[in-house]
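Contents: one structure, followed by commentary.
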Amino acid sequence: MKTRFFNAIAATFVLLLLTSMLLGLTLESNGTELVIQVAEGTRLSWIISGAVIVFLFQFFRNEISQGWQNTRSSMGNAVPTSISEKVKTTSQLSGLKTTALCFLVAGLMIWPFFASRGSVDLATLTLIYIMLGLGLNIVVGLAGLLDLGYVGFYAVGAYSYALLNMYFGIDFWTGLLAGGLLAAFFGFILGFPVLRLRGDYLAIVTLGFGEIIRILLNNLTDLTGGPNGISQIPKPDLFGLEFSRRAKEEGNVPFHEFFGIDYSSGYKVIFLYLVALLLVIATVFVINRLLRMPIGRAWEALREDDIACQSLGLNKTAVKLSAFTIGAAFAGFAGTFFAARQGFISPESFTFIESAIILAIVVLGGMGSQIGTVLAAIIMTLLPEFAREFNEYRMLMFGLMMVFMMGWRPQGLLPMKRPHIEVERKPQGVVSMQSDNLTTSGNQLVREV
Amino acid sequence: MPESAYYFIQQLLNGLTVGSTYALIAIGYSLVYGIIGMINFAHGEIYMIGSYVAFIVMAGLAMIGIDSVTLMLLGAFLVSIIITSTYGWSIERIAYRPLRGGNRLIPLISAIGMSIFLQNYVRLAQGSKDIAMPSLITGGWTIGPADGFSATLSYMQVLIFVVTFISMTALTLFISRSRMGRACRACAEDQGMTNLLGINTNGIIALTFVLGAALAAVAGVLLGMYYGVINPYIGFMAGLKAFTAAVLGGIGSIPGAVLGGLILGITEAFTAGYFSTEYKDVVAFSLLVLILLFKPTGLLGKPEVEKV
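Protein chains in written order, with the working numbering: chain A, 316 to 764; chain B, 227 to 534.
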């Protein structure tokens, strides 16, 4: 009881140390002088309520964790079924899945014609993030390479379309190809030296690369326009039909004149959405195929144990490099589309924060899981839109979420599942012991016996 | 001496100043890496928090009428070391300890999350504006011609050298002479064995986070005063630079971190002085990539053997 009390007091004291200075006092510039002010009442009440919560939590910690475990064990009692039944349901489910998927895609195609312009625009943005998330998912989720400079390839894709269009006048579809290829090339060139490194080195070096690309874009003013960026990047066209009121190039017919309908700017938004949807579907399809190929299995095998992979004769560098290059290519596609949609790009759009958001999408969705990534991308882009006041706290929440997801569910909300059937195991009598919490598992042991 | 020689000396002095603070932050990376073999990604934010706490303390002391520079410095160092140590300890407890022993990617991601969280926490609590403070210590020694370019060694720079030297000596003595330092070295050698011999390895790991945080706070106070301007985003760059320094010298090695910090600082100063300020950061990262390519163990590091 006494130690419990002291623990709780210590935890509360730590919390007060953490918050009192930075949250309780604010620095203000008063002319040339620097002064501090005590924060307003709401903040102080936050600190105090936080302290009370921490104190109570620490004090009743054992009871809370015990209650938590009880509810968990009472919930997790599944009805055992025979293996043949399971095989049946699994195959039935996969048939159902295909039908559902077809309906979903059809619905997604038709939906924008009845929706408002703003929501279609938002959906397009979401699709870009889905594409980025899926691409990074190959690198981080499947191959287990932590790439913190992913936004660099996104920038390469965007800038290569913008620049090629500015200097050589290529159209969107060629630009898409060029952007993807160039980003893949960059991924290959950058990956070649750094992929020999261990996980944490790789993270920092890729982070450095992302920053180098941004700094170069910012400073090569003659080529890229520097911080002013590039504007008037043309939107995609449909087999040469433009979506503007009048054709920009001689001899081109705008979309509405060709079909003999009235001009509406909504067509352009819907068309952009459809292009994005097409790109996302293509991405999902390609990645799905890759996963079933030997290369996809090699990625995952390498993530799980690289020494075992090497002893089985897999070329570690080649496998990693392929993941890095393909991931970069998808970022390039997304970047090209982003440039075309915005019509304007500047280095501001490609900061580390962007990389962090994409990483947060992958982490939240479940590393390796495609459907999880898609859902996470939707959550991450829609949530700030629906709660504007939440926008200020967005990055704070993302950071916190990354910490808690790793502690609570490192496999993500919807972890990837290979098609498989689990055979019921006999309940284990012995609780595995970890050196960290010998005493608690000892207690558990006594309780369960 | 020609003017260019004075220019050279000035760049060298500037480089050594910044380099020695990089070294202080880099030691934090090296200490943690040496023991748990992982990068403390949130270390740069600790440095930033150290700067903020120092500014708050100094502004507070000035407001209640304490003008003595010595007292202000002492207060700033003391309070910011205490606060950042608490942060370092909490980071270990929240983002590293629960995740130890699993996939290496997992603690790394949680540390990145921690870094984003801390940066935005300070941004929301203190505002994202630059905060400037008039310099407390002014003046210096000047050598060179009165009419042309002359090299200046400011008192602030002297303070940075002295404090860096003292903290590094203290750390070296602590690691090599004290009981706890010996436990730290043992832990770096073989954690399981150390645990069997009755040393609380969890405590030692927490201790390295605290030590690293304390050194980052010292760097934060010094660099904050040297530049005179802070914002919530300074930790990101400083962390990257210090990591580069740690890798350059050989991560896990304390003399290596110092050497790496100084080399990086000098390289940066010369790039800024002779080439262009914009490419200063590019040079730092390129140095990192080159080192990792040609000598991944760094200048003074030991080669690491991966075992099954």
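Cβ atoms here follow ideal geometry from the backbone N, Cα and C, with glycine treated the same way.
Residues of the stretch 344-376 of chain B with a C-beta less than 7 Å from any C-beta of chain A: Asn346, Tyr347, Val348, Leu350, Ala351, Gln352, Ile357, Ala358, Met359 and Pro360, listed in chain order.
Contact annotation for isoleucine 265 of chain B against chain A: Asp515, Tyr516, Ala518 and Ile519 [CB-CB distance below 9 Å, chain order].
Counting only unbroken stretches of 4 or more residues, the alpha helix (DSSP H) elements lying wholly within the stretch 383-430 of chain B are 405-415 and 417-422, in sequence order. Annotation for threonine 378 of chain B: the continuous beta strand (DSSP E) segment containing it runs 377-380.
Here leucine 448 of chain B is not near isoleucine 253 of chain B, since their CB atoms are 8 Å or more apart. Between leucine 437 of chain B and chain A, the shortest Cβ-Cβ separation is not below 8 Å. As computed with DSSP, asparagine 345 of chain A is found in a beta bridge with A:Glu348.
Listed in chain order, the positions of the stretch 522-552 of chain A with a beta carbon within less than 9 Å of a beta carbon of chain B are Leu522, Gly523, Phe524, Glu526, Ile527, Ile530, Leu531, Asn533 and Asn534.
Within the stretch 645-669 of chain A, Phe667 and Ile668 place their CB atoms closer than 9 Å to a CB of chain B, listed in sequence order. The residue among A:Gly456, A:Val584 and A:Leu535 with its C-alpha nearest the C-alpha of glycine 658 of chain A is A:Val584. Within the stretch 299-320 of chain B, contact with chain A at the beta-carbon level (separation under 8 Å) is assigned to Val305, Ile308, Ile309, Thr312, Tyr313, Trp315, Ser316 and Ile320. With the rule of 3 Cβ pairs closer than 8 Å, the stretch 445-458 of chain A does not count as touching the stretch 659-666 of chain A. For the pair valine 455 of chain A and glycine 683 of chain A, the Cα-to-Cα distance works out to about 8 Å. Counting only the Cα atoms, methionine 264 of chain B lies some 15 Å from aspartate 416 of chain B.
According to DSSP, residue pairing for leucine 340 of chain A in a beta bridge involves A:Val353. Between leucine 505 of chain A and the set A:Met710, A:Glu669 and A:Ala643, the nearest pair of CA atoms involves A:Ala643. Neighbours of proline 725 of chain A in chain B, taken as residues at a C-beta separation under 9 Å, are given in chain order as Leu325, Gly328, Asn329, Leu331, Ile332, Ile335 and Ser336. Against chain A, the CB of tyrosine 278 of chain B has a partner CB under 8 Å away; the residue lies at that interface. Relative to the Cα of leucine 674 of chain A, the nearest Cα in the group A:Gly714, A:Glu707 and A:Thr651 belongs to A:Gly714. Distance from alanine 468 of chain B to glycine 270 of chain B at the Cβ level is roughly 7 Å; contact confirmed, criterion being Cβ atoms closer than 8 Å. Per DSSP, reduced to three states, the secondary structure at phenylalanine 267 of chain B is coil, with no helix or strand assignment. Apart from sequence neighbours up to five positions away, the residues of its chain that approach glycine 476 of chain B with a beta-carbon distance below 7 Å are Gly482, Thr523, Gly524, Leu525, Leu526 and Gly527, ordered along the chain. Taking a cut-off of 8 Å on C-beta distances, the stretch 483-503 of chain A does not touch the stretch 710-730 of chain A, as fewer than three cross pairs fall below it. For glycine 429 of chain B, there are no neighbours in chain A by C-beta distance under 9 Å, as the nearest C-beta there is about 13 Å away.
By the C-beta density criterion, glutamate 504 of chain B is exposed, having fewer than 16 other C-beta atoms within 10 angstroms.
Three or more Cβ pairs drawn from the stretch 608-625 of chain A and the stretch 634-648 of chain A lie within less than 8 Å of each other, which places the two stretches in contact.
A residue is called buried once 16 or more other Cβ atoms fall within 10 Å of its Cβ, and cysteine 417 of chain A, having fewer, is exposed. For glutamine 236 of chain B, the closest C-alpha among the options B:Thr378, B:Tyr500, B:Ser277 and B:Trp367 is that of B:Thr378. Residues of the stretch 451-483 of chain A with a C-beta atom less than 7 Å from some C-beta of chain B are Gly459 and Leu461, listed in chain order.
Only exposed fits isoleucine 324 of chain A, as fewer than 16 other CB atoms lie within 10 angstroms of its CB. Burial check for glycine 727 of chain A: the Cβ neighbour count within 10 Å reaches 16 or more, so the residue is buried. DSSP, reduced to helix, strand and coil, places phenylalanine 375 of chain A outside both helices and strands of the structure shown, so it counts as coil. Spanning the alpha carbons of valine 369 of chain A and arginine 376 of chain A requires a straight line of approximately 10 Å. In the DSSP annotation of this structure, the continuous segment of the beta strand (DSSP E) that includes tryptophan 367 of chain B starts and ends at 366-369. Taking 8 Å as the cut-off, the Cβ atoms of leucine 466 of chain B and isoleucine 489 of chain B do not count as close. A residue is called buried once 16 or more other Cβ atoms fall within 10 Å of its Cβ, and arginine 656 of chain A is buried on that count.
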